[in-house]
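Visitor: In the numbering used here, each residue's number is its place in the sequence shown (first place is 1) plus 17. For each residue, glycine too, the CB sits at the ideal point set by N, CA and C. Since this is a predicted model, take the numbers as computed values, not measurements. My questions all concern the structure below.
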Amino acid sequence: MRRATITFDNGPDAAVTPAVLDVLRRKDVRAHFFVLGKHLVDRAGRDLVARAVAEGHLVGNHSFNHEVPLGDDPRPDAVAAEIAATEALLAPLVPGPRRFRPFGGGGAIGPHLLSPAAVDHLVARGYSCVLWSSVPRDWVDPVGWPARALEDCLAQPHAVVVLHDIPDACLAGLEGFLDAARREGIDLVAELPLAVTPIVDGEVVGDLGPLVASAGRG
Ligand SMILES: [Zn+2]
18 MRRATITFDN GPDAAVTPAV LDVLRRKDVR AHFFVLGKHL VDRAGRDLVA
68 RAVAEGHLVG NHSFNHEVPL GDDPRPDAVA AEIAATEALL APLVPGPRRF
118 RPFGGGGAIG PHLLSPAAVD HLVARGYSCV LWSSVPRDWV DPVGWPARAL
168 EDCLAQPHAV VVLHDIPDAC LAGLEGFLDA ARREGIDLVA ELPLAVTPIV
218 DGEVVGDLGP LVASAGRG
């Protein structure tokens, strides 16, 4: 049976995340949320993380500002400002294990995703690094994305789909997509295939070469 894991990036968003959680509850789907630290400064954002955790979802760190991919970030304190600052807000809400999803702008996988300092931090702090295998571009095409996502899921034994719980992205098509995936016999699971987790619980298990900016960039 084909499997797919659904993930939501860049939230939580007070206007969208509650409705996404409602759909997931109605459809009995467990998903992953990779949240931004800047959305956790307010109590409302932290409450949404708490709700997601209480409803069985997995919540991880997706940087604080989401402005410059870590492999391109020249700031010497980028890891502290992006990963650790978000971790400080998430830790009281998420019992762990720690998960980090790098961002790269448009979903491209390449050496802009991580810096050597970021890898050191993730390993030292016991993180899993969670990549993806389908980016149906819901934020560009809030109506048409489900067809691309379904195509991606049918083309792989276990797709990991990136959606966004932000305005004008996945929400309108989400329920229809989940129904269509199940009609195609796809099992919607929370587990992650090894192919998208080059670091598992602080242990490097995949090839980080294509994901890390050359040393010396910080
Ligand atoms: Zn993102």
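1) Looking only at its own chain, which residues have a Cβ that is under 8 Å from the Cβ of P128, when we skip the five neighbours before and after it?
2) Three Cβ pairs or more, each shorter than 8 Å: is that satisfied between the region 117 to 125 and the region 67 to 80?
3) According to DSSP, simplified to helix, strand and coil, what is A108?
4) For D26, which of helix, strand or coil comes out of DSSP?
5) Is it the case that the Cβ atoms of A166 and S151 are separated by a distance below 8 Å?
6) According to DSSP, simplified to helix, strand and coil, what is C146?
7) Looking at the structure shown, is E192 part of a helix, part of a strand, or coil, going by DSSP?
8) Measuring only the C-alpha atoms, how far is A141 from G54?
9) Would you check if the distance between the CB atom of H74 and the CB atom of A36 is smaller than 8 Å?
Guide: Quick answer:
1) G88, P227, L228, V229, A230 and S231
2) yes
3) coil
4) strand
5) yes
6) strand
7) helix
8) 20 Å
9) no
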